[in-house]
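Asker: This is the structure, below, for whatever I ask next.
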Amino acid sequence: MSLRATVQSVRLIVDEATELPDGTVLDLVLDDEGDDLDEDGRRALDAAIAKSVEQAAAGRIAPVDDVLARLRGRRRG
């Protein structure tokens, strides 16, 4: 999950609905701006991560060595 906050009068303002219960404490980390994703790219990444979590929960997983080999093959492709 990613949230976006705005600084107003030296306070962080987060105006996004969540499913987190009241009183949940979050640790915020400044984005290093290193991924260069726009809003559409960020939504696509979040959707891909959510899909992956669902697949793992359903037992549809693969050994890391197999995944890395496929990714390396794509890079060489």
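The opening position of the sequence shown corresponds to residue 1120 in this note's numbering, with each subsequent residue numbered one higher. Each residue gets a CB set at the ideal place from its N, CA and C atoms; glycine is no exception.
#1: Hey, would you say V1133 sits closer than 7 Å to L1122, going by beta carbons?
#2: Please look up how many angstroms separate the CB atoms of A1124 and L1139, rounded, as I've assumed it's under 8 Å.
#3: Is A1163 helix, strand or coil by DSSP?
#4: With DSSP as the reference, label A1124 as helix, strand or coil.
Answerer: Taking the geometry as given:
#1: As a working note, residue 1133 is residue 14 in the sequence shown. As a working note, residue 1122 is residue 3 in the sequence shown. The answer is yes: Cβ separation under 7 Å.
#2: By 1-based counting over the sequence shown, the position of residue 1124 is 5. By 1-based counting over the sequence shown, the position of residue 1139 is 20. Wrong, their Cβ atoms sit about 14 Å apart, outside the cutoff.
#3: Residue mapping note: residue 1163 aligns to position 44 of the sequence shown, counting from 1. In the structure shown, A1163 sits in a helix (DSSP, three-state: H, G or I).
#4: Residue numbering aside, residue 1124 sits at position 5 when the sequence shown is read from its first letter. Looking at A1124 - three-state DSSP - the assignment turns out to be strand.
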